[in-house]
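A.B. asks: Pasting a structure below so you can have a look.
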Amino acid sequence: MTELYLFATLAGTRIAVRSQEVEAVVKLTDISPVPGTGAHIAGLSALRSRVLTIVDAAALIDGQATPADRRSLAIICNVAGHSYGMMVDAIADICAVPEGELPLRGRIDPAWACFADGIVDYLGEPHLLVKLARFIEGAALPQAA
Amino acid sequence: MDELLQEFISETQETLEALAGEVIAWEADPGDHDRLDAIFRFFHTVKGSCGFLNLPRFERLSHAAEDVLSEIRAGKRTIDPATVNAVLGIMDRIGQLTEAVASGAALPNADDEFLLAALSATGLLREEELPLDAAPAEPARSGGAVAAPRTIRLPLSLIDQLMNGVSDMVLARNELARKLRDRSADPELDSAFERLSTCVADMRDAISKTRMQRVERLFAAIPRMVRDLGRDLGKRIDLVLEGGDVEMDREMVEMVVDPLTHIVRNSIDHGIETPEARRAAGKPEAGRLTLEARQSGNQIVIAITDDGAGIDSGRLVQKAIVEGRLTPEAAQRMDEQARLDLIFQPGLSTADRVTAISGRGVGMDVVRANIERIGGVITLENQNGSGLRITLRVPLTLTIIPGLIIRAGGLHFAVPRAAVVEILHDNNEMLKIARIGGAQIATIRARRHSLIDLEDVLGLPLIPQQAPRAIMVVRSASGAPFALGVAAVDNHEELVIRPASPLVMASGLYAGMTLPDNGQPMLLLDAGGLAQVAGLAQGGEAWEAPAASTAEEQGRVDMIAALRFEELTGERRLLALSLIERVEDLDASLFGQSGSHAYVRLEGRLVPVAGGPYRFDSGKVAALRLRDGAREICYPVAQVCDIVEMPAVPDLVAMHGLLSGVAVIDGEHLEVISPFALFATLPDEPVAEIARGRCVLTDTNDGWTREILAPLLRQAGQEVLFGLPDDGAIDPADILFCSGADADFAAAITGCRVVRLRASPRPAEPDDGSIYRYDQDALMAVLSGGTGRMSR
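Dropping the structure here:
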């Protein structure tokens, strides 16, 4: 069983996402801000009749909110019955990788540590395999604390 | 296989739920074969399916129960409480097992044997007890399940998907509508679009109905609970369930289950007394517990009534004082309702001891919080000693609520309408905003509220604006109302509320979100959350509440009830309600005039009319009857509008004239009539004094007396009597008028004052006691009992 992966760039890092997690990729249009929440919540956006909570994953990684003019694409995923849009810098491709997931090597940045699951090689480049749900679950934690 | 198992689990759980009530009913009426059959069928089905699914424990349990029930059906066994208990026990166990299978947990095996033993040990029938009504069950069955509507089982996710689909359709329609509006009008296209529009709307309605559920489901677990609790506590309870066919939102049903269960438990544990106590109190031994549901507008009203002991508010207060929540002085000032409301204080309970059922202090506060969280209201009607009625009012659905759209910091937010008490502009005269030590206090009509700006709480920029800001008084589910400053209140709309993601909810500021037709998601603010985040005193509620209520009372002292009315001249004015004895429609003909003073004849008296003589066009005149304790004034008005609250001291005070000032009511400037000036303008010698009395005219046949004297006297407010009354009932205060020589005689027999009238201006003899009949002054003087000459 070779799995499909979505390859993208997030906070300057190449990432891979298992395609089961991905519902769609959309171009972001209007985002209504949600004041009173952390910087990692970019706001709400309507996708037809659904309302997405747009998560600025880069803000979780490097603590810097993405400026409004650089918000372009989001990966839509469904976590615990709610729809989220994960903001990414760019989308590269979606394809199967025959050699599959490789274990993490080297000392990974603590900022990434809780999101990364392993490495996926694509076009000779290693991509960090991330789990989108972790961004959302992880994001809830600092709020709860 | 998995699918089959899933099907089995959900079906079993559903049937169990529905059957719980049946078993109780069956116990009450063992001859009811329909119910027996239904229960029997359940076990039979379970047995059949679990044999197929290889669930041996289910099979054993259901088989044993089926055996017992079939014996009962065949009349070989009687029904006694022990049997019913055993059957219920088996049903419960099957429920537990189902749950365990569903969650994949381990199945505790211990008690099965015990249950089975309990079942087989119970009442095997002795021959002589063969019940007479043990007729074959078959005929009854045919009449049973007929009316059940055909239903299918659908996964919830499918319905949600449908809902979303319809919402998409509505949005697409709206967009299409906008596009169409930009084009030139095309009637054909428009009518086609109209039709589509209607279809979409109908569809939306229909789909929303799939969310509805009968309240019956809410009630399903109650009979069993009542029975079990009643047995545990040794109480007898008649349960009445009404309005099970009312429908409400499925989610709502789930939210109400817990509070309702709690209230019922409370009623049985604390409310309804033991049979002995009830007998002693002169009540029937069996307590009565009524649950009724009905729809009222867009609310569901669920009332839980018991005829138990009610709440002893005195004890509640005592307990609160003992626990230091309340000072005795504060308790003194509380009215009965406020005392009762103490039951909603966390940790305060009237229960002396903690029982397994209730009284653990996790109580009514949680119930109220839960009800208020879903936008509901809970009220108590207490009759100490004879019962308690708790009413829950919850919105029909969680998803559509009336909301206000507000603007702050350049963004739009929604607020539930139910949370907003009133809205004022910050330039309103009734509103005073004070800043002290960083805090803002808004004083609205002598009530002080904490004021927070929404921008502050949300960390938004405060955008300067020309227009006045809006101050909303917001009621939060818990805690005192507070004032919330926003840039503007834009609109009022029915909002379809959907849950926001946990990420958003974590901030504690929002209750949900909504997607208006413009496609821009909008957040629904949570009033309680705002107060909490803003750090408004919430924890101190127990202390604040009495203080707040006294502040309200002070506020109330400053406000008095006033009548708003329209003057004959068209202005709208206010008059303190306490002065007004009544309002009535008078015949215009009753109004009269004497010199510059106007009078009206009321019940045989002349009552001064305020504001001078009037001329009335219509036959009836609305009039206010005022009284300052002794004197009375009639105040004709064009129209009585309504009763309003007005400040005791008008907003703008004028010390002179008929008006004491100007008050602003609902944004309307109204002049306030000064009662002082009103009574001060009365003629010094009130006509009312003269007006009392009766005149007896003895010359009944004299034309002058009838046509000239009598009207004059009547106009002066006298009651006129022609001829001496037959029964001779003459009051010594009556005045007798006569022209003949029989005056002395009349005076002798009646003992009252007699006025002798003469036709000529001059007295016939010097010591004549008579009065010239056109000497009005003298006549009036006689009436007032004054100086007029009269015969002795």
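Chains as they are written, first to last, in the working numbering: chain A, 992 to 1136; chain B, 2 to 793. Backbone N, C-alpha and C define an ideal beta-carbon position, used for all residues, glycine too. Computed from a predicted structure; not experimentally measured.
Straight-line CA distance for Lys210/B to Ala103/B?
C.D. replies: Approximately 29 Å, taken between the alpha carbons.
A.B. asks: Measure the alpha-carbon distance for Val318/B versus Gly235/B and round it to whole angstroms.
C.D. replies: Their backbone Cα atoms lie some 29 Å apart in a straight line.
A.B. asks: Counting along the chain, where does the beta strand (DSSP E) carrying Ala304/B start and finish?
C.D. replies: Ala304/B -> beta strand (DSSP E) spans Gln300 to Asp307.
A.B. asks: Would you kindly work out how many angstroms separate the C-alpha atoms of Arg715/B and Ile644/B, rounded to a whole number?
C.D. replies: Distance between the alpha carbons of Arg715/B and Ile644/B: 36 Å.
A.B. asks: Ala207/B to Glu1012/A, Cα distance in whole Å?
C.D. replies: Approximately 33 Å, taken between the alpha carbons.
A.B. asks: Quick one: is Asp239/B near chain A, going by C-beta distance under 8 Å?
C.D. replies: Taking Cβ atoms only, chain A never reaches closer than 8 Å to Asp239/B, which makes this a no.
A.B. asks: Can you give the Cα-Cα distance for Asn429/B and Glu572/B, rounded to whole angstroms?
C.D. replies: Their Cα atoms are separated by approximately 23 Å.
A.B. asks: Put Ala443/B into one of helix, strand or coil per three-state DSSP.
C.D. replies: Residue state, collapsed to three classes: strand.
A.B. asks: Asn175/B CB to nearest chain A CB: under 8 Å?
C.D. replies: No - not a single Cβ of chain A is within 8 Å of the one on Asn175/B.
A.B. asks: So which of His413/B, Phe43/B, Asn371/B and Val421/B has the shortest CA-CA distance to Leu461/B?
C.D. replies: The shortest C-alpha separation from Leu461/B is found at His413/B.
A.B. asks: Quick check on Arg1118/A - is its C-beta less than 8 Å from some C-beta in chain B?
C.D. replies: Strictly speaking, residue 1118/A in this sequence is His, with Arg absent from that position. No - not a single Cβ of chain B is within 8 Å of the one on His1118/A.
A.B. asks: Does any CB atom of chain A fall closer than 8 Å to the CB of Ser502/B?
C.D. replies: Judged by the 8 Å Cβ criterion, Ser502/B is in contact with chain A.
A.B. asks: Within the chosen definition, does the segment 38-45 of chain B reach the segment 238-251 of chain B through at least 3 CB pairs nearer than 8 Å?
C.D. replies: Touching, no.
A.B. asks: Could you tell me whether any Cβ in chain E is nearer than 8 Å to the Cβ of Arg499/B?
C.D. replies: No chain E appears in this structure, whose protein chains are A and B.
A.B. asks: Taking Cβ-Cβ distances below 9 Å as the criterion, which residues of the segment 245-275 of chain B are in contact with chain A?
C.D. replies: So nothing in the stretch comes that close.
A.B. asks: For the structure I just gave you, are there three or more beta carbon pairs, one from the segment 1090-1097 of chain A and one from the segment 1033-1052 of chain A, closer than 8 Å?
C.D. replies: The segment 1090-1097 of chain A vs the segment 1033-1052 of chain A: no contact.
A.B. asks: What is the DSSP secondary structure of Gly536/B, reduced to helix, strand or coil?
C.D. replies: Residue state, collapsed to three classes: coil.
A.B. asks: Leaving out five residues before and five after Ser387/B in sequence, what residues of the same chain have Cβ atoms less than 7 Å from its Cβ?
C.D. replies: So the list reads Asp308 and Gly311, once near-sequence residues are dropped.
A.B. asks: List the endpoints of the continuous beta strand (DSSP E) containing His598/B.
C.D. replies: Note, His598/B: beta strand (DSSP E), His598 to Leu603.
A.B. asks: Compare the C-beta of Asp1047/A against all C-beta atoms of chain B and say whether one is closer than 8 Å.
C.D. replies: No, Asp1047/A lies away from the interface with chain B (no Cβ there is under 8 Å from its Cβ).
A.B. asks: Pull up the distance between the alpha-carbon of Leu587/B and that of Glu669/B, whole angstroms please.
C.D. replies: Whole-angstrom Cα-Cα distance: 29 Å.
A.B. asks: Where does Ile358/B sit, in a helix, a strand or coil, going by DSSP?
C.D. replies: A caution first: Ile358/B carries a pLDDT of 49, below 50, which makes its placement in the model too unreliable to give a value.
A.B. asks: Going by the CB atoms, is the gap between Ala528/B and Val474/B shorter than 8 Å?
C.D. replies: Contact: no.
A.B. asks: For Cys696/B, which three-state DSSP category applies?
C.D. replies: Note: Cys696/B maps to strand in three-state DSSP.
A.B. asks: Name the DSSP beta bridge partners of Arg1041/A, please?
C.D. replies: Leu1038/A, per the DSSP bridge assignment.
A.B. asks: Can you check whether the C-beta of Pro1058/A is within less than 8 Å of a C-beta belonging to chain B?
C.D. replies: Not one chain B Cβ lies under 8 Å of Pro1058/A.
A.B. asks: Using a Cβ cut-off of 8 Å (strictly closer), state whether Ile1127/A contacts chain B.
C.D. replies: For Ile1127/A, the answer is yes, since a Cβ of chain B falls inside 8 Å of its Cβ.
A.B. asks: Using a C-beta cutoff of 8 Å, does Leu155/B count as contacting chain A?
C.D. replies: No, because no Cβ of chain A sits closer than 8 Å to the Cβ of Leu155/B.
A.B. asks: Determine which residues share a DSSP beta bridge with Ser395/B and list them.
C.D. replies: The question names Ser, but residue 395/B is Val in the sequence shown. According to DSSP, which records beta bridges pairwise, Val395/B is partnered with Ile301/B.
A.B. asks: According to DSSP, is Pro469/B part of a helix, a strand, or is it coil?
C.D. replies: Pro469/B: coil per DSSP, three-state reduction.
A.B. asks: Using beta-carbon positions only, say whether Ile1127/A and Leu504/B come within less than 8 Å of one another.
C.D. replies: In contact: Ile1127/A and Leu504/B (Cβ atoms closer than 8 Å).
A.B. asks: Can a CB atom of chain A be found closer than 8 Å to the CB of Val487/B?
C.D. replies: Answer no: the Cβ-Cβ gap between Val487/B and chain A never drops below 8 Å.
A.B. asks: I believe Ala1107/A touches Leu1120/A by the beta-carbon criterion, under 8 Å. Please report the beta-carbon distance rounded to the nearest angstrom.
C.D. replies: Right, the Cβ-Cβ distance comes to about 7 Å (below 8 Å), so this counts as a contact.
A.B. asks: In the DSSP assignment, find the alpha helix (DSSP H) that holds His263/B and state where it starts and stops.
C.D. replies: Unbroken alpha helix (DSSP H) run through His263/B: Arg251 to Asn267.
A.B. asks: For the segment 1045-1052 of chain A against the segment 1027-1037 of chain A, do three or more pairs of beta-carbon atoms, one drawn from each stretch, fall closer than 8 Å, so that the two count as touching?
C.D. replies: Touching, yes.
A.B. asks: How big is the Cα-Cα spacing for Gly509/B and Ala1002/A?
C.D. replies: Taking the straight line from one Cα to the other gives about 29 Å.
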